[in-house]
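Working notes, beginning with the structure itself.
Number of protein chains: 2
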Amino acid sequence: MSRQRKQAGSRTTIRDVAAKSGVSVATVSRVLAGNYPTSEDAKKKVLAAIDELNYVMNAHARGLAGQGTRTIAILVEQVTSPFYAAVAQGVEEQAAAGGRLCLICTTHGDPAQELALVNMLRDQGTDAVIIVGGITPSREYEIRMARYAESLNAVGSVLVLCGRPRLDADVPHLVVAYENEEGAYAATNYILSKGHEDVIFVGGVEGISTTDDRVRGFRRAMQERGLPTEGRVLLGSHREAFGRTAVQERLARGRDFTAIVAYNDHIAAGALLAVRQAGLRVPEDVSVIGYDDSLLASNLTPALTSVAVPAQELGRTAVRRALEHQDGDVRDPSQVVTLATHVVVRDSVARPRA
Amino acid sequence: MSRQRKQAGSRTTIRDVAAKSGVSVATVSRVLAGNYPTSEDAKKKVLAAIDELNYVMNAHARGLAGQGTRTIAILVEQVTSPFYAAVAQGVEEQAAAGGRLCLICTTHGDPAQELALVNMLRDQGTDAVIIVGGITPSREYEIRMARYAESLNAVGSVLVLCGRPRLDADVPHLVVAYENEEGAYAATNYILSKGHEDVIFVGGVEGISTTDDRVRGFRRAMQERGLPTEGRVLLGSHREAFGRTAVQERLARGRDFTAIVAYNDHIAAGALLAVRQAGLRVPEDVSVIGYDDSLLASNLTPALTSVAVPAQELGRTAVRRALEHQDGDVRDPSQVVTLATHVVVRDSVARPRA
DNA sequence: AGAGAAGCAGTAATCGGTTACTACGTTGAT
DNA sequence: ATCAACGTAGTAACCGATTACTGCTTCTCT
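In order, the protein sequences belong to chains A and B.
Counting from 1, position 47 in the first sequence corresponds to residue 1273 in the numbering used here; the numbering is continuous, with no gaps.
Counting from 1, position 59 in the second sequence corresponds to residue 1285 in the numbering used here; the numbering is continuous, with no gaps.
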């Protein structure tokens, strides 16, 4: 209500620019868009007037007239996680490269909030909605998300899922994934190649796709060598605190492992703490491998060996595909692009003793 | 270009809803806005039609017609910094509480980009533009930013500066700060209270307000005890790498200090590395104190004593004040709200030996 | 020199909401 | 019965950009 407009100066419009430079509004618009032949003379005059009047285009007017919003939205659980921050960074960069603004929204891991945001974003006319992170699959969720994907498409927008499986429904959407199962498989194999046989997997939330995938990779590597995984997968959360308590409790029951494959670097950090608290050393007594290769990994003591996920690249790829798709030149939209992960070797893994 | 509209179904507009429910577009708009008396009957019919047609309002049309966007923008250097991420988190939470979306933009520390973004954001109809982080003051920048602040106000939007001094110009804008000088003063005093006398300050960028403030706090604490600060302030960047090399070089020239006050936790992490590389121990040989109390601090070895900055609270306060201001009930807009910082004691500071 | 093409600029319709203004029907007071 | 007041609904003029369509030059080719 306190919003008063049309005061004294009001707003500088394309018409003011046209008047000042002595050309028509159409010409001004064309100079701005640059998609129509315009004489050098007119161009110069318009640019001068724009500069002098300090004119900025009204995004709403442009959006309304059919140019799209030129924004891209990204939905993450929380921005304070280094992994999501890095993905967001990638999205932001690529969006900027494509002349788009980047809208970052947080869902706090709540599927309902996620749906509400997608719904809202669609109204805003975002060019693309990128959802990052694993999800607990549920029938109802799938159905509603498919409806939204459909309506996003209806308004010329694109839904991109990052690090999460395709929707079941036959609705156009893009998927950019990174190796979860493969990464955990590689991490476990790296540990096993050092001679470990008693390995546990710690962290992650049961039922969330990312967790399930990593656990699967762990199991596969173990089973290929005929090692047991029964009772060796400790799920709970992806927070550092869980890593600490889970390992503490396990150690209290007796040390029946020589290596830990952590769900992520936070868990690994917690595990490190618990191991040290128990008077054991890393990697001499217990080896630990993390996941994500976040900022944390290189700063822990010992520096953490971790699976590097190309987080920024993930964000960039998501945007790139979304924009390509908007322009209609994605070969196969239903194809899942999967980015590779690799083990970054530091100091937290060694051969087991004896 | 590939954006084809007016296809088959086209877009469901308020007119479709009006037609379906047998009322006028004005009535539909009023039901949606809820700011005009409408009969229960009409309301019910409109709502039913909206539901049935799966109608969503076009944000551009609404924005163009002068209703504001209900979004809040935050400008930070980069989202991957834990500090900025935490502020952004706070902004996002409070914005959501106020029914606003949160637009996060990155400036990469470039004042020109910052200005360009503010300029652009104003026309998006953002309710508030929050700029976080210190800045190199420059006359030209001040003038342009003041102009933008003015034009933001003209369209009913608010400019909020976070952790940066007020604009010189007499232009309405809000400032939420946190103690920089006081924090560094407290950190230094904490170190001094342990008996240290040879202390150096490492990190930060010359000329940026945040750095200058922290250095001032350091100097004040030292001078109050009659200790020299000449040649004891090492500026360069706020990255970990700088912390490492700066301390390495200093140590190479001889160990003339027993404690380090770091510009932030990243610098502290680098310093820790350099100290250890030189065969010295923390805190036995050298004490280190950080700033920001980021995630990093508690995970370093030894756990880093650091100055806690209420980053999330900073974001929340910024949004709260902005929305209050829009509603016209901020008592004194020119008042700078300053949030307190405090030293979080961990294991990286000890008495100097002998 | 005249016809046709090409290059550039202008007019005005349009996007989808909001809202000032007008109009209508009902109620209540005189 | 008449008129004022009130509550509700409708008409149409905006908001500021885009762009189809039209028209005027200028240039080229015969």
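Yeah, the Cβ is synthetic: ideal placement off N, Cα and C, and Gly gets one too.
As the structure is a prediction and not an experimental result, all values here were calculated from the model.
{"query": "Inter-residue spacing [alpha-carbon to alpha-carbon] between B:Ser1560 and B:Asn1406", "result": "20 Å"}
{"query": "Residues, ordered as in the chain, of the stretch 1275 to 1298 of chain B that lie near chain A by beta-carbon distance below 9 Å", "result": "Asn1280, Val1282, Met1283, Asn1284, Ala1285, His1286, Ala1287, Arg1288, Gly1289, Leu1290, Ala1291, Gly1292, Gln1293, Gly1294, Thr1295, Thr1297"}
{"query": "Endpoints, alpha helix (DSSP H) assigned at A:Ser1419", "result": "1407 to 1419"}
{"query": "Residues that B:Ala1314 contacts on chain A, provided the C-beta gap is smaller than 7 Å", "result": "Val1305"}
{"query": "Alpha-carbon spacing of A:Thr1567 relative to B:Phe1483, whole angstroms", "result": "43 Å"}
{"query": "Pick from A:Ile1486, A:Ala1412, A:Thr1436 that is closest to A:Ala1447, judged by C-alpha positions", "result": "A:Ala1412"}
{"query": "Beta carbon of A:Ile1417 nearer than 8 Å to that of A:Ile1515", "result": "yes"}
{"query": "Cβ contact check for the stretch 1310 to 1319 of chain B and the stretch 1267 to 1282 of chain B: 3 or more pairs under 8 Å", "result": "no"}
{"query": "Touch test, the stretch 1341 to 1358 of chain A against the stretch 1358 to 1376 of chain B, Cβ-Cβ under 8 Å, three pairs minimum", "result": "no"}
{"query": "Beta strand (DSSP E) runs contained entirely in the stretch 1262 to 1342 of chain B, provided each spans 3 or more residues", "result": "1297 to 1302, 1327 to 1332"}
{"query": "The stretch 1315 to 1330 of chain A in contact with the stretch 1500 to 1507 of chain A per 3-pair CB rule at 8 Å", "result": "no"}
{"query": "Distance between A:Arg1542 and B:Glu1408 (C-alpha atoms, nearest Å)", "result": "40 Å"}
{"query": "Sequence-distant residues of the same chain with beta carbon closer than 7 Å to A:Val1243, five excluded per side", "result": "Val1254, Val1272, Ala1275, Ile1276, Leu1279, Tyr1281"}
{"query": "Integer Cβ distance of B:Phe1473 from B:Val1428, believed to fall under 8 Å", "result": "Residue identity check: residue 1473 of chain B is Val in the sequence provided, not Phe. That belief holds up - the Cβ atoms of B:Val1473 and B:Val1428 are roughly 6 Å apart, short of 8 Å."}
{"query": "Cα-Cα separation between B:Thr1239 and B:Ala1285, rounded to whole angstroms", "result": "12 Å"}
{"query": "Cut-off 7 Å between Cβ atoms - residues of its own chain near A:Lys1232, not counting five sequence neighbours on either side", "result": "Residue confidence is low: A:Lys1232 scores 34 on pLDDT, short of 50, so the model does not pin down where it sits. Its coordinate-derived value is still stated next. Correct list: empty, nothing qualifies."}
{"query": "Listed by chain order, chain A residues near B:Met1346 by CB distance under 9 Å", "result": "Val1282, Met1283, Ala1285, Leu1327"}
{"query": "Where B:Glu1318 meets chain A, residues with beta-carbon distance less than 8 Å", "result": "Val1305, Ile1330, Cys1331, Thr1332"}
{"query": "Neighbour flag for A:Ala1495 against chain B, beta carbons, 8 Å", "result": "yes"}
{"query": "Cβ distance (whole Å) where B:Arg1572 is taken to contact B:Ala1529 below 8 Å", "result": "4 Å"}
{"query": "Proximal chain B residues relative to A:Val1381, where beta-carbon distance stays under 7 Å", "result": "Arg1237"}
{"query": "Exposed unless 16 or more other CB atoms sit within 10 angstroms - verdict on B:Tyr1262", "result": "exposed"}
{"query": "Reference A:Tyr1404; option with closest CA among A:Val1257, A:Ala1544, A:Leu1461, A:Leu1549", "result": "A:Ala1544"}
{"query": "Residue environment, A:Gly1469, which counts as buried when at least 16 other CB atoms sit within 10 Å", "result": "buried"}
{"query": "8 Å Cβ cutoff met for B:Leu1329 and A:Leu1327", "result": "yes"}
{"query": "Through-space distance from A:Gly1289 to B:Met1227, alpha-carbon basis", "result": "For B:Met1227, the predicted structure reports a pLDDT of 32, less than 50, and the residue's modelled location is therefore unreliable. A value from the coordinates is still provided. About 14 Å."}
{"query": "Identity of the residues DSSP links to A:Gly1516 by a beta bridge", "result": "A:Ser1532"}
{"query": "Counted within 10 angstroms of its Cβ, other Cβ atoms place B:Pro1454 as buried (16 or more) or exposed", "result": "exposed"}
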